[in-house]
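One structure is given here, and the rest of the page talks about it.
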Amino acid sequence: MDKINNSSKVDIGLNVTRRCNLQCSYCFLKDLVLVDKNTEKDLIPNVDLPIDETLKKLSNYEIGGMYICGGEPFAYPELRSLLDWLIARADNIYISTNGLLINDDWINYLVENDITLLLSLKDSSEATYNRLIRFKNAGIKMHLYHVLTKKSDDILKSFTERYSWVEKVRLLIETHTNPTENDVISVGEWYNLLKKARVYLHNIIDKVDVEIGYLEGENKIAQMPNRGAVNRLIIDVDLKMYPCPLLVERHNGKIEGDLPNSCSKEECPVFFNETSDSSFKQVCPFLLTNLKAAIEYIEHAEIKVEVKLGD
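First residue of the sequence shown: 160, per this note's numbering; consecutive thereafter.
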């Protein structure tokens with residue numbers, strides 16, 4: 160799987176490091192190495208992506224979107240070298256980050272090279288607001304992500320009250336790499352959360368994308384073997400390749416060679432969890448639609464869920 164079979168461009172996700180300066184409860188990676196801004200600058204095997212081998216592997220691809228993830232990418236010692244190489248080769252570069260390690264030098268670099276930050280919004284604090292306003296005033300492009308739960312009310316309010324200027328908002332369904340029955344959010348619970356989000360975000364609904372999570376069983380996507388799985392490649396720190404980021408933690412580098420370049424119900428930690436409502440099926444958690452379209456679909460499907468603000 161070292162070379163694509165056609166000339167079409169591919170979106171690639173790079174897990175550049177297992178270093179991180181936070182320990183977020185919702186992170187699907189369990190082997191992160193906690194660091195601070197003064198962390199060791201040398202590459203560490205199985206913690207950091209080897210830069211030379213990575214560039215050699217990437218040179219085989221025509222890159223559409225490049226998604227740089229971690230850990231925390233700004234803790235990766237070779238991030239600047241990697242970005243310098245990618246700028247002329249990828250259509251778009253996105254960095255998934257908590258933003259805490261971004262200094263003035265990095266701000267200037269990101270603006271000059273038109274790199275977009277993907278920031279996870281998990282609180283409505285003044286510190287978070289001040290950090291994002293600093294990036295905004297500097298001219299950095301940002302998309303804000305949020306894992307939508309029953310406790311999201313304050314954050315949903317902040318999207319319209321404080322962050323209505325952001326280019327894109329994305330609401331995510333909580334996923335687990337090895338879920339139990341209790342971990343799986345039901346179709347009714349998820350659609351209820353989306354309806355609640357619509358109430359809070361109606362002023363910016365056109366810029367809000369959501370992971371649809373579930374579709375009716377007769378829907379064409381729900382009947383596909385891969386249930387709408389997004390076509391992309393994920394390269395982990397050990398250079399093994401996966402069709403989905405959730406499979407990285409599930410296999411933890413123990414596969415021989417690379418996984419097939421497409422998802423399947425047998426491999427996915429989400430697909431094999433059928434819902435209690437047999438008329439609906441879980442679909443690829445990365446399958447996106449606009450929030451407005453999602454609500455129209457929910458109402459068309461006649462899902463009866465009560466919206467209680469503040470639950």
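Each residue gets a CB set at the ideal place from its N, CA and C atoms; glycine is no exception.
For clarity, every value in this text was computed on a predicted model and none was experimentally measured.
Exercise. Rounded to whole angstroms, how far is the Cβ of residue 253 from the Cβ of residue 278, which I believe are closer than 8 Å?
Worked result: Their Cβ separation, rounded to whole angstroms, is 11 Å, which puts residue 253 and residue 278 out of contact at 8 Å.
Exercise. Just how far apart, CA to CA, sit residue 429 and residue 179?
Worked result: 26 Å
Exercise. When burial is assigned at 16 or more other CB atoms within 10 Å of the CB, is residue 351 buried or exposed?
Worked result: buried
Exercise. How about residue 226 and residue 280: are their beta carbons less than 9 Å apart?
Worked result: no
Exercise. Residue 206 lies in the alpha helix (DSSP H); which residues open and close that run?
Worked result: Taken as a continuous stretch (DSSP letters only), residue 206 belongs to no alpha helix (DSSP H), as it is neither H nor E.
For this session: Enumerate in chain order the residues of its own chain whose CB-to-CB distance from residue 260 is below 7 Å, with the five nearest sequence positions on each side excluded.
Result: 180, 196, 231, 233, 234
Exercise. For residue 460, does the three-state DSSP call read helix, strand or coil?
Worked result: coil
Problem set entry | Euclidean distance between Cα positions of residue 370 and residue 309 | 16 Å
Exercise. How many Å lie between residue 374 and residue 349 at the Cα?
Worked result: 12 Å
Exercise. So residue 357 is in the alpha helix (DSSP H); what residue range does that whole segment cover?
Worked result: 346–360
For this session: Take the Cβ of residue 396 as the centre, count every other Cβ of all protein chains shown within 10 Å, and call the residue buried at 16 or more, exposed below.
Result: buried
Exercise. Should residue 450 and residue 303 be called a contact, given that it needs their Cβ atoms to be closer than 9 Å?
Worked result: no
Problem set entry | Pair within 9 Å by beta-carbon distance, residue 177 and residue 258 | no
Problem set entry | Alpha-carbon spacing of residue 168 relative to residue 448, whole angstroms | 22 Å
Exercise. Which residue or residues does DSSP assign as beta-bridge partners of residue 327?
Worked result: 302
Exercise. Around the Cβ of residue 385, are there at least 16 other Cβ atoms within 10 angstroms (buried) or fewer (exposed)?
Worked result: buried
Exercise. What is the rounded straight-line gap between the Cα of residue 286 and the Cα of residue 438?
Worked result: 44 Å
Problem set entry | Nearest-angstrom Cα separation, counted from residue 456 out to residue 273 | 35 Å
Exercise. For residue 216, which of 366, 171, 322, 452 has the nearest alpha-carbon?
Worked result: 171
Exercise. Is it right to say residue 221 is buried, meaning 16 or more other beta carbons lie within 10 angstroms of its own, or is it exposed?
Worked result: exposed
Problem set entry | Any alpha helix (DSSP H) of 4 or more consecutive residues that is wholly inside the stretch 227–255 | 238–245
Exercise. Where residue 446 and residue 295 are concerned, what is the direct C-alpha to C-alpha distance, given to the nearest angstrom?
Worked result: 28 Å
Exercise. Does the Cβ-Cβ distance between residue 346 and residue 372 come in under 9 Å?
Worked result: yes
Exercise. Taking the continuous alpha helix (DSSP H) assigned at residue 268, which residues delimit it?
Worked result: 263–271
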